[in-house]
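Residue numbering for the sequence shown follows the working numbering, starting at 382 and increasing by one per position. All C-beta atoms in this analysis are idealised placements derived from N, C-alpha and C, irrespective of residue type, glycine included. Below you'll find the structure, written out as structure tokens, and then a few comments.
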Amino acid sequence: MLLYLDLNCFNRPFDDQKQDRIARETTAVFAILQRIIDEVDSLAWSAVLDFENAQHPLVDRRTEIGRWAQRAVINMAINEQVTIRAQALTQVGLAPLDAAHLACAEAAACAYLLTCDDPMVSRAQRATLTLRVSNPRTYLKEQTDD
């Protein structure tokens with residue numbers, strides 16, 4: 382399955398693991414990353430992830446996250462199609478960066494965009510999409526229950 386993880390998934394392991402939800406999402410993210418390493422799933426990357434990751438103030442985290450781009454089977458550039466689609470997605474209430482991630486994931490023909498951002502999941506449900514937007518825990522549960 383081709384997956385697009387937004388940056389908060391990659392950052393989740395660096396968050397405060399004392400919070401139960403964060404710890405559970407971190408476990409799910411690690412399991413999904415292992416599925417990518419094991420080639421059960423495939424990773425899509427984008428110029429939007431590069432842009433957002435470049436803003437991270439901590440160089441070690443930025444470097445660690447950026448290494449995942451090397452495992453991606455596709456790296457979506459921002460082109461006219463992506464830009465037009467992202468602008469349309471902002472009309473349903475998605476933040477511009479979230480809309481850009483979604484537009485890139487759609488253009489890459491991903492089956493899922495995974496995010497730990499509940500408002501993004503909720504807002505994405507208002508849009509007609511060619512992929513599913515889900516929390517990593519939900520995705521992993523669906524895949525392991527089959």
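Three-state secondary structure assigned by DSSP to residue i
i    : result
L470 : helix
N456 : strand
A489 : coil
L483 : helix
L383 : strand
A425 : strand
D396 : coil
R402 : helix
A508 : coil
E523 : helix
D419 : coil
A476 : coil
P500 : helix
F462 : This sequence places Gln at residue 462; Phe is not what is there. Here Q462 sits in helix by DSSP.
Q436 : coil
For residue i: DSSP bridge partner residues
i    : result
V514 : L494
Neighbourhood of residue i by C-beta, 8 angstroms cutoff - its chain only, sequence neighbours within 5 removed
i    : result
Q398 : A404, T407
A489 : L383, Y385, A425, S427, I455, M457
A450 : W426, L430, D431, N456
R507 : V473, G474
Other residues of its chain near residue i: CB distance less than 6 angstroms, five sequence neighbours each side excluded
i    : result
R416 : D422
A481 : V429, A467
P394 : T407
Closest Cα partner of residue i within the set the options
i    : options                : result
D479 : Q436, V514, Q400, D401 : V514
D387 : A412, I418, N434       : N434
C491 : R504, Q462, L510, L475 : L510
F391 : D419, F432, R402, R443 : R443
A453 : L439, D419, V440       : D419
F411 : P438, I446, L439, D441 : I446
Cβ separation of residue i and residue j, assumed to be a contact under 8 angstroms, to the nearest whole Å
i    : j    : result
C497 : N516 : 6 angstroms
I465 : V429 : That belief does not hold up - the Cβ atoms of I465 and V429 are roughly 15 angstroms apart, past 8 angstroms.
I413 : L495 : 7 angstroms
Residues near residue i in its chain [Cβ-Cβ closer than 7 angstroms; skip 5 each side]
i    : result
Q472 : none
R504 : V473, G474, L475
Q462 : A488
T525 : none
R518 : R405, E406, A409
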